[in-house]
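Asker:
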Amino acid sequence: MQIQPLKIPSTEPVPDIDIAEGEHIVGEFVGDAEGPSVIVVGSIHGNEPSGLLAMRKIAPALEKLGSRIKGRIYLIAGNTRALRKDVRYLDLDLNRHWTPETIELNKPSSTIRTNRAEDAEQRELLEIFERIFLTAKDEVYALDLHSTSAESTPFAMIGDTLRNRDFARNFPATILLGIEEQLNETILEYINNLGAVTLGFEAGEHRQKTAVDNQEALIWLSLYHSGCLSAEDVDVARHEKTLREAMGRPRIIEIRHRHAIQPEDDFRMEPGYENFQPVKKGEVLAHDSHGEVKAVEGGMVLMPLYQKLGEDGFFLGREILPFWLWLSRFLRNVGIAGLMFLLPGVQRHPFEKESLIVNTQVARLFPLQIFHLLGFRKQLWKGGKLVVSRRKYDTDSPFRKASDRN
Ligand SMILES: [Zn+2]
479 MQIQPLKIPS TEPVPDIDIA EGEHIVGEFV GDAEGPSVIV VGSIHGNEPS GLLAMRKIAP
539 ALEKLGSRIK GRIYLIAGNT RALRKDVRYL DLDLNRHWTP ETIELNKPSS TIRTNRAEDA
599 EQRELLEIFE RIFLTAKDEV YALDLHSTSA ESTPFAMIGD TLRNRDFARN FPATILLGIE
659 EQLNETILEY INNLGAVTLG FEAGEHRQKT AVDNQEALIW LSLYHSGCLS AEDVDVARHE
719 KTLREAMGRP RIIEIRHRHA IQPEDDFRME PGYENFQPVK KGEVLAHDSH GEVKAVEGGM
779 VLMPLYQKLG EDGFFLGREI LPFWLWLSRF LRNVGIAGLM FLLPGVQRHP FEKESLIVNT
839 QVARLFPLQI FHLLGFRKQL WKGGKLVVSR RKYDTDSPFR KASDRN
């Protein structure tokens, strides 16, 4: 595969971000407190201003819609302290900071204070989320808006629950499945585990104005597909056109490999790689302090790292055919997942109800992909033992009354 020359990123400066520390609420609009809620989080990475800029563009229009809003809409800026300095983060990546320990440390009732900027950010955000989730009377949807360091066509990302899939397929978008299995402790994983329907979005290159346009289109369409706004109040055709033109053919791609990096690795991506570029097994994708970094399997390269800060060198993925999506939906709906422990080499986890321990020496016929198909995610792979757990709230919402579910 010949490597294409790298396009020179646009240097068009985005406006300086004027935001106070802790000024997370961009807008809060409640037309019907009993209706669905949409939470939009933008710029959880401070060097990705497009999410915040799009929310600021939209807020005045939502203000005007007032009681025409058939639910609750929350536009929330992510890392305000990092946004002020135009850096990804100050002390710690706020999008890898949602562990049970840090949440315990920074929850509203905690009195412990650290001097890390992202702990303060998390404390403020948790207070807002708690307020929203405790008062939700119907489905909760959450968007997490990002942009990429390399020039890229936009794409959406979801944890593979059937509820997330149902929401995501409303958009004319390329969808990456299963990224939350590779990236631990993201804000979206946290919100997903609270029971919300979640969608992450990478809108394009950090510095390009089109990233703001794409974010804006995605937010409007989400407000429409969540039921918060009707077709009279959203120009659905125009926003779909924006996304379609930016993304090309909609497709679903499964993330299969993450190349994790540490600062001491001195990771350098080979120049010229674009998102979704096909790669062959063994192709040299990067160099680090140990030498060449090769593709462990064929497929396509995703999110190649061309900036200094970050823990992900690149990802590898493959397109999933519609048949497999249909099959996994069928298998999950008939409840096969609950019987997996009957297979040889598979046993129930002694403490975790939704988890299984797979002895991969015995259960060679059941690789990770089979468990993915059934809605499990990998937790741990250690010494021939694989621990998988079912994704929470795969088919049922904890926010909808049982009588409303279909
Ligand atoms: Zn980001």
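Whatever position you read off the sequence shown (first residue = 1), add 478 for the working numbering. Just so it is clear, CB atoms sit at the ideal spot from N, CA and C, and this is done for glycine as well.
1. From the DSSP output, read off the bridge partner residues of K860.
2. With a CB to CB cut of under 8 Å and the five nearest residues on each side skipped, what residues in its chain are close to E775?
3. Scan the region 633-721 and note each continuous alpha helix (DSSP H) run of 4 residues or more that stays entirely inside, going in chain order.
4. According to the neighbour-count rule (16 or more other Cβ atoms, all chains shown, within 10 Å of its Cβ), is D744 buried or exposed?
5. Whole-angstrom Cβ separation of K863 and N837, contact assumed at under 8 Å?
6. Please say whether L654 and I739 have beta carbons closer to each other than 8 Å?
7. Could you give the first and the last residue of the continuous alpha helix (DSSP H) run that contains N584?
8. Measuring CB to CB, does I547 end up less than 8 Å from G509?
9. Would DSSP call M533 helix, strand or coil?
10. My output table needs one value for S833: the three-state DSSP class, helix, strand or coil.
11. For H768, which of helix, strand or coil comes out of DSSP?
12. So I554 and I606 are supposed to be a Cβ contact under 8 Å. How far apart are they, rounded?
13. Pick from S630, K542, D638: whose alpha carbon is nearest that of Q847?
14. Tell me where the beta strand (DSSP E) around A560 begins and ends.
15. Just to confirm my understanding: we take L570, look at its own chain, exclude 5 residues before and 5 after, and list those with CB closer than 7 Å. What are they?
16. Could you name the residues, in chain order, whose CB is less than 7 Å away from a heavy atom belonging to ligand 1?
17. Which word fits E797, buried or exposed, when buried means at least 16 other C-beta atoms lie within 10 angstroms of its C-beta?
18. Evaluate the contact criterion for the region 754-769 versus the region 710-724: three or more CB pairs, one atom per stretch, below 8 Å.
19. For the beta strand (DSSP E) containing S588, list its first residue and its last residue.
20. Pick helix, strand or coil for E797, following the three-state DSSP scheme.
21. Identify, in the order they occur along the chain, each residue of the same chain with its Cβ nearer than 6 Å to the Cβ of T688, setting aside the five sequence neighbours on each side.
22. State whether the region 620-637 contacts the region 534-547, with contact taken as three or more CB pairs (one from each stretch) at a distance under 8 Å.
23. What's the C-alpha gap between N671 and V840?
24. Does the region 511-518 come close enough to the region 614-625 that 3 or more CB-CB pairs lie under 8 Å?
25. In whole angstroms, what separates the C-alpha of V690 from that of M533?
26. Can you give me the C-alpha to C-alpha distance between G673 and L852, rounded to a whole angstrom?
27. Quick check on DSSP: helix, strand or coil for L553?
28. Once DSSP output is grouped into helix, strand and coil, what is the label at R868?
29. In the DSSP output, what is A738 paired with across the bridge?
30. Whose C-beta lies closer than 6 Å to the C-beta of R641 among residues of the same chain, with five residues either side of it excluded?
31. Evaluate contact between the region 557-566 and the region 716-731, counting only Cβ atoms and requiring at least three cross-stretch pairs below 8 Å.
32. If I'm right that L612 touches F645 with Cβ under 8 Å, what's the distance once you round it to whole angstroms?
33. Just to confirm the assignment, what range does the beta strand (DSSP E) spanning I622 have?
34. Indicate whether I551 and C706 have their beta-carbon atoms separated by less than 8 Å.
Answerer: Taking the coordinates as given:
1. As a working mapping, residue 860 is identified with position 382 in the sequence shown. Looking at the DSSP output, K860 shares a beta bridge with K863.
2. Mapped onto the sequence shown, residue 775 falls at position 297. The residues are R734, H735, K759, L794.
3. 640-646, 657-660, 665-671, 687-703
4. Sequence index remark: in the sequence shown, residue 744 carries index 266 (1-based). Answer is exposed; the Cβ neighbour count stays below 16.
5. By 1-based counting over the sequence shown, the position of residue 863 is 385. By 1-based counting over the sequence shown, the position of residue 837 is 359. Yes, K863 and N837 are in contact; Cβ-Cβ is about 6 Å, under 8 Å.
6. Position 261 of the sequence shown, counted from the start, is the residue given in the question as residue 739. Position 176 of the sequence shown, counted from the start, is the residue given in the question as residue 654. In this structure, L654 does not lie closer than 8 Å to I739 by Cβ.
7. Counting from one through the sequence shown, the residue named residue 584 turns up at place 106. It spans 578-584 - the alpha helix (DSSP H) in which N584 sits, taken as one unbroken run.
8. As a working mapping, residue 547 is identified with position 69 in the sequence shown. As a working mapping, residue 509 is identified with position 31 in the sequence shown. In contact: I547 and G509 (Cβ atoms closer than 8 Å).
9. The residue you call residue 533 lines up with position 55 of the sequence shown. M533: helix per DSSP, three-state reduction.
10. Counted from its first residue, the sequence shown places residue 833 at position 355. Looking at S833 - three-state DSSP - the assignment turns out to be strand.
11. Counting from one through the sequence shown, the residue named residue 768 turns up at place 290. Note: H768 maps to coil in three-state DSSP.
12. Looking up residue 554 in the sequence shown gives position 76. Looking up residue 606 in the sequence shown gives position 128. The C-beta distance from I554 to I606 rounds to 6 Å, short enough to fall under 8 Å.
13. Counting from 1 along the sequence shown, the entry for residue 847 is found at position 369. D638 is the residue among S630, K542, D638 whose C-alpha sits nearest the C-alpha of Q847.
14. Here residue 560 corresponds to residue number 82 of the sequence shown, with the count starting at 1. Premise fails: A560 lies in the alpha helix (DSSP H), 558-563, not in any beta strand (DSSP E).
15. Residue numbering aside, residue 570 sits at position 92 when the sequence shown is read from its first letter. Within the same chain, L570 has close Cβ partners R594, E596.
16. Counting only beta-carbon distances shorter than 7 Å to the non-hydrogen atoms of ligand 1, the qualifying residues in chain order are I522, H523, E526, N573, H624, S625.
17. Taking the first residue of the sequence shown as 1, we reach residue 797 at position 319. Residue burial annotation: E797 is exposed, with fewer than 16 other C-beta atoms found within 10 angstroms of its C-beta.
18. no
19. In the sequence shown, the residue the question calls residue 588 occupies position 110. Here S588 belongs to no beta strand (DSSP E), and DSSP marks it neither H nor E.
20. The count along the sequence shown starts at 1 and reaches residue 797 at position 319. Three-state result, E797: strand.
21. Residue mapping note: residue 688 aligns to position 210 of the sequence shown, counting from 1. Excluding sequence neighbours, T688 sits near G682.
22. no
23. The residue labelled residue 671 in the question sits at position 193 within the sequence shown. The residue labelled residue 840 in the question sits at position 362 within the sequence shown. For the pair N671 and V840, the Cα-to-Cα distance works out to about 31 Å.
24. Because the criterion of three Cβ pairs below 8 Å is met, the region 614-625 and the region 511-518 touch.
25. By 1-based counting over the sequence shown, the position of residue 690 is 212. By 1-based counting over the sequence shown, the position of residue 533 is 55. When rounded, the distance between both Cα atoms is 9 Å.
26. The count along the sequence shown starts at 1 and reaches residue 673 at position 195. The count along the sequence shown starts at 1 and reaches residue 852 at position 374. Each residue's alpha carbon lies about 19 Å from the other.
27. Counting from 1 along the sequence shown, the entry for residue 553 is found at position 75. Three-state DSSP puts L553 in a strand.
28. Indexing the sequence shown from 1 puts residue 868 at position 390. It is a strand residue.
29. Translated into the one-based positions of the sequence shown, residue 738 becomes position 260. Paired residues: D790.
30. Translated into positions along the sequence shown, residue 641 becomes position 163. The residues are V675.
31. no
32. Residue mapping note: residue 612 aligns to position 134 of the sequence shown, counting from 1. Residue mapping note: residue 645 aligns to position 167 of the sequence shown, counting from 1. The Cβ separation is near 22 Å, so there is no contact.
33. The residue labelled residue 622 in the question sits at position 144 within the sequence shown. Here the sequence assigns Asp to residue 622, which means Ile is not the residue at that position. Counting along the chain, the beta strand (DSSP E) containing D622 begins and ends at 618-626.
34. As a position in the sequence shown, residue 551 is number 73, starting the count at 1. As a position in the sequence shown, residue 706 is number 228, starting the count at 1. Result yes, Cβ atoms of I551 and C706 sit closer than 8 Å.
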